[in-house]
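With this note's numbering, the residue at position 37 of the sequence shown is 101, and numbering never jumps.
So the structure is just underneath, and the comments pick up after that.
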Amino acid sequence: MKVIKYLFCACFIFFSINPHAEENWHIDVHTFSYHFSKRKNNMDWNQVNLGLGLRREFSDSISVQAGFFRNSIDRWSLYAITDWTPISMGNWKAGAYAGIRTNYEKPVMLAGGALLRWQGERYSTTLRLMPKTCNTCSGLISIEFGWKFNM
């Protein structure tokens with residue numbers, strides 16, 4: 065029940081902050097990940113992490129995103145994160161992200177790391193680097209593809 069409350073609060077914030085700003089929305093497709101260490105008990109990580117997210121930009125350097133994906137231990141996860149990309153060179157942005165994710169070692173866990181994004185007029189590609197955050201986890205790099213639309 066706590067998970068639902070956290071996600072409800074995150075989604076409320078996601079859709080209500082700064083409602084009069086120019087709104088850029090993105091649909092993000094989660095695809096693959098690569099893990100830097102082996103999983104315990106000779107099991108393989110799930111590295112096909114299909115899912116969908118909805119991202120809203122508030123400025124050139126701040127956006128929030130929420131969605132779902134099949135996680136590294138082959139369970140469905142929900143997440144809500146904030147991206148901060150203060151470094152920009154042309155279509156490239158770099159920075160960090162932080163938020164929450166569900167259904168790993170605990171029902172709700174923190175998520176965060178570095179990100180690198182190429183943002184075109186309509187399409188984007190994002191690489192996320194996440195450090196090892198728990199005893200049964202691995203550091204990883206993941207890739208997602210986005211499509212921009214305006215509301």
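All residues carry an ideal CB built from backbone N, CA and C; glycine is no exception.
- Contact between the segment 127-143 and the segment 152-159 is absent: fewer than 3 CB-CB pairs across the two stretches fall below 8 Å.
- Taking the C-beta atoms as reference points, F132 is found nearer than 7 Å to L142.
- D92 and S101 have their alpha carbons spaced roughly 26 Å apart.
- With at least 16 other beta carbons inside 10 angstroms of its own, C201 counts as buried.
- Nearest neighbour of G184 by Cα position, chosen from W211, Y161, M173, G159, turns out to be W211.
- Taking E208 as the centre and dropping the five residues before and after it, the same chain places the C-beta of D92, V93, H94, T95, G117, T189, T190, R192 closer than 8 Å to its C-beta, in chain order.
- In the structure shown, the three-state DSSP call for K212 is strand.
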